[in-house]
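Novice:
Numbering (the working numbering), first residue to last: 19 to 1150.
(1) Would DSSP call residue 848 helix, strand or coil?
(2) Looking only at its chain, what residues have a beta carbon closer than 8 Å to the beta carbon of residue 779, apart from the 5 residues adjacent to it on each side?
(3) Under 8 Å between the Cβ atoms of residue 1201 and residue 776?
(4) Helix, strand or coil for residue 290, going by three-state DSSP, please let me know.
(5) On the criterion of 16 or more Cβ atoms from any shown chain inside 10 Å, does residue 501 qualify as buried, or is it exposed?
(6) DSSP on residue 1133, reduced to helix/strand/coil?
(7) Helix or strand or just coil, what does DSSP make of residue 925?
(8) Going by other Cβ atoms of all chains shown within 10 Å of its Cβ, with 16 needed for buried, is residue 564 buried or exposed?
(9) My output table needs one value for residue 887: the three-state DSSP class, helix, strand or coil.
(10) Since residue 914 and residue 544 are thought to touch, with beta carbons under 8 Å apart, how far apart are those beta carbons, to the nearest angstrom?
(11) Sorted by chain position, which residues of the same chain lie with C-beta nearer than 7 Å to residue 978's C-beta, five sequence neighbours on each side aside?
(12) Could you name the residues of the same chain whose beta carbon sits closer than 7 Å to that of residue 555, not counting the 5 residues immediately before and after it, in chain order?
(13) Just list the residues that DSSP pairs residue 880 with in beta bridges.
(14) Counting C-beta neighbours from all protein chains within 10 Å, is the total for residue 409 16 or more, i.e. buried, or is it exposed?
(15) Can you tell me which of the three DSSP states residue 872 falls into?
(16) Suppose contacts are defined by Cβ-Cβ distances below 8 Å. Is residue 873 in contact with residue 895 by that definition?
(17) Whose C-beta lies closer than 8 Å to the C-beta of residue 661 among residues of the same chain, with five residues either side of it excluded?
(18) Counting along the chain, where does the alpha helix (DSSP H) carrying residue 651 start and finish?
(19) Tell me where the alpha helix (DSSP H) around residue 1090 begins and ends.
(20) Measuring straight from C-alpha to C-alpha, what distance separates residue 245 and residue 261?
(21) Count the other C-beta atoms from every protein chain shown that fall within 10 angstroms of the C-beta of residue 1083, then say buried if there are 16 or more, exposed otherwise.
(22) Near residue 1046, what residues of its chain come up, given a Cβ to Cβ distance below 8 Å and the 5 sequence neighbours on each side ignored?
(23) Using 8 Å as the cut-off, can you tell me whether the stretch 87 to 95 makes contact with the stretch 113 to 131, which would need three or more C-beta pairs spanning the two stretches below that distance?
(24) In whole angstroms, give me the CA-to-CA distance for residue 927 and residue 968.
(25) If you draw a straight line from the C-alpha of residue 447 to the C-alpha of residue 330, how long is it?
(26) What's the gap between the Cα of residue 736 and the Cα of residue 1081?
(27) Taking the alpha carbon of residue 309 as the point to measure from, which residue in 297, 323, 298, 296 has its own alpha carbon closest?
(28) State the DSSP-derived secondary structure class of residue 436, mapped to helix, strand or coil.
(29) With a CB to CB cut of under 7 Å and the five nearest residues on each side skipped, what residues in its chain are close to residue 27?
(30) Can you tell me the Cβ-Cβ gap for residue 1031 and residue 1068, rounded? I've got them flagged as a contact below 8 Å.
(31) According to DSSP, is residue 143 helix, strand or coil?
(32) Given this structure, state the Cα-to-Cα distance separating residue 1185 from residue 938, to the nearest angstrom.
(33) Going by CA-CA distance only, name the one from 769, 864, 949, 784 that's closest to residue 856.
(34) Name, in chain order, the residues that DSSP records as bridge partners for residue 713.
(35) Between which residues of its own chain and residue 657 is the CB-CB distance below 6 Å, once the five residues before and five after are set aside?
(36) Just the Cα atoms here: how many angstroms apart are residue 845 and residue 525?
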């Protein structure tokens, strides 16, 4: 069977409940035990401390009443030869022996042995018995005599003063301990001085920041606790970093003032409060202002509004990308130094001679400890050794730092507020009446109010703006103006620009009325679609994702008692999709909305009135019980969660699989009579078997019980099962009784006959083009109850799960395709723009905090010095509130416009990756280091790369029928699976663009090349590479090295061949390595300097052909099973 599972006992639920109670009892008992033990430990501690105190008091009392016997001092001597023996005797034997002798004498006196000889007494036996009974290892606490205490003092003096330290381990340890304590005291003293010096450095650093009117930094900079343990190098790095941040903060404040002025300008120009300005008119005014400013020859000039990034790449002349040559050499790279900043870096100096160095003693210490102290001393002295600096000046500045007044920005004190830091968030609803229309719709259609509110809540964020070549909203206008004025514009110039735009931007009354009418029409259309989407979800209560067209037509036939039946009959004509043409009877939400709107347009009467009557009629035509409404609401929530997980997965499939299984589990528990289910997902792929391609289903995910039986297994057409029936028919295959079917493949062969009872349903996974790309299988073999079949409403929900999974799966796949496409584009620019140091690729994801809109995922980092791209398996997340100095990324996404700025002392170009609607999907962050302006040829290549990348992204993101995709195939390599097509897509667009450039060449263009008698080596090499693609036999001949033979081939026939040449075709016989020998050794800048348009186009064309040939060869050498999709039959 296509799903396998293991049996469980019928007492599983009871055991789980008992286990739950057991866990609770265990936790409670553990807590009680810990409390008792803590109380007992505290009592024992108090008792011990009390006993120690009593013993100390008794010892002091005895010492006061009976001082130590001075006779014991007779044992003390400076004789080192016998010190060991004396110490042993006094420490180990004498205390016990003396006590025994005292007892012996007392016994002799008691028995009067010395007075009466008749008394029998053996003193040796007595002394032996006494010593055995008084063994000090077992008996303690006996009172010590004054003589014994005197002996103990003698032993201590012998150990301290007489022992030879060289041969005594105890003395060595004591000496090392003393030296360690001295070193620690010394290091702590130096470290305290270091901390004072660091505080002084931070006090100077404080003054580099821009303060508000109260003399404070309006940022949470609690620095000191975090830098106290930094090494010298790290601390100086930290100071340098803070200095850069201070400079960036100052620039942020300046730009914030500009942006506030631009915001006020937008509101002043938007007299109709529609939220848009005419983009072409604004660009025209920019051009006019630029011309006026250039003629005045001032020191500051804005950016040229006729060039990128002010205008879009698509608005530029294509010839500008490849053939904008200038006289002379390349413009020099503008190596801009960072603004000078007073950084308090503490210099290092040598250790002071004689202090902190103990050469003789360090040799005796352990090597690890010696090195540790040496490192600590060196690090500390490095920090405080710069005392030759001006200490008085530094202390004076540190004392005055807290009393400084606010810094002046453009001659004015700063208020302390960044007014436009959240500009896109605050103005996201400016001029947008969708919220108002949503509330109005909810008030009119009460039965749909809850669904409308839910749809509006889960809708996409309004913070990112879609690019429109005709209109600018407020964030886009502010960003365009900021890009226009550049980085170093004085405030007076900004004010002059705003005054000019406000004075010259004039709308006629007719334009204002037309714009208001358009906004009103768009708002009404959006409201209608919102209400119809809510109506669709009310009808589709189980979340299947489609409605039966016949069912809708039956209800509509009763509209106005059948008076509009002819219009309803013609309604099918509006369904122009391929599904309706095939006779499909199911409508998606998009087709449902288009179908109802077409009926409304055809029905007589005012459109708004007809719309409201139609919605009201369709709403009351379907009744749902409260239980059905609750079931529908919960199922919609689970389906939406699948999509949300895909959007926040960071390009990973595993979270999506997990979300699908969770939805199935929850529904089976809540609405499926708590039945136990197993589920698996299989994807359709091609696998080479016996030198031919076959489709197989590979199980990529399953529930945990089935992992050992299903995961990564493949199901072929010659095996039992109904999965391929679902694939071929495009409809769910339901098996109510598995044990009676006979054609089910059981992956778990150890299952008994009793465990084969259950139901199975296999649902096809279909994309938007109605192509099957896999299956979702669900069974109830783990359920031991007899009533374990799937009900109709459950099957409808499972169909909704397949739709949600398909959307989620392709969303993640599109993210992966985008990253792969960007990687191809960056590989192309690698050797052409060496001044680009690194590129980070960010993709946008919804943010948990809806007010923030979105977050960034750093999907890939490319080191342009090596050309190596690293795609992160767990991409890091960037949030707006945590990245004040990388806010240019969020500005780029908010406005969907290109941004150039400085960050942390380096130049950055942020370029949005847009979807077909113009909204940003992600951002490319290009780091050019200290090079503010790229050389002309690198700048042109960058623009061309970005233009081709965006065109390729549009093609990936478009959701067109499969027949349209077939029309777009240009190269033979694109006819393979989707991954192969994505791999060559960028280069295919580049090749098509170069074909257009070559097609514009004529005899006059080639006359320059033919005029050479002895051409430059570079020109000859380019022509060799081009000709070898069409004449591979020349590779080993003399003709290829003859300029006269080569230039004979330069004619219109060569252009014709170039326009039809496919470098990925199997018929191409040239080895890419031979082509690389001629083309790869030519620097891109050298070709640009040559100034030859034909050489430029031929070089770029040959270079792109080489890239495609290498990619095609690589894909052939690394063939692996790839995912495929099969078109579904004419009916679902």
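The beta-carbon is built from N, C-alpha and C at its ideal position, and this holds for glycine as well.
Specialist: Put simply:
(1) coil
(2) 750, 751, 752, 753, 795, 796, 797, 808, 813, 816
(3) As displayed, the chain neither begins before 19 nor continues past 1150, which places residue 1201 out of reach and without an answer.
(4) coil
(5) buried
(6) helix
(7) strand
(8) buried
(9) strand
(10) In fact, because the Cβ distance is near 20 Å, the residues do not count as touching under 8 Å.
(11) Bear in mind that the predicted position of residue 978 carries a pLDDT of just 47, short of 50, making it unreliable; the figure below should be weighed with that in mind. So no residue of the chain qualifies.
(12) 469, 654
(13) 857, 887
(14) With a pLDDT of only 45 at residue 409, under 50, the local geometry of the prediction cannot be trusted, and no value is derived from it.
(15) strand
(16) yes
(17) 822, 825, 826, 829
(18) 644 to 665
(19) 1090 to 1097
(20) 15 Å
(21) exposed
(22) 1052, 1053, 1058, 1088, 1092, 1093, 1096
(23) no
(24) 16 Å
(25) 26 Å
(26) 39 Å
(27) 323
(28) coil
(29) The predicted position of residue 27 is uncertain, since its pLDDT is 43 and thus under 50; a value taken from the coordinates is nonetheless stated next. Once the five neighbours on either side are set aside, residue 27 has no close Cβ partner at all.
(30) In fact, because the Cβ distance is near 15 Å, the residues do not count as touching under 8 Å.
(31) helix
(32) There is simply no residue 1185 to check, as the chain begins at 19 and stops at 1150 in what is shown.
(33) 949
(34) 704
(35) 561, 818, 822
(36) 47 Å
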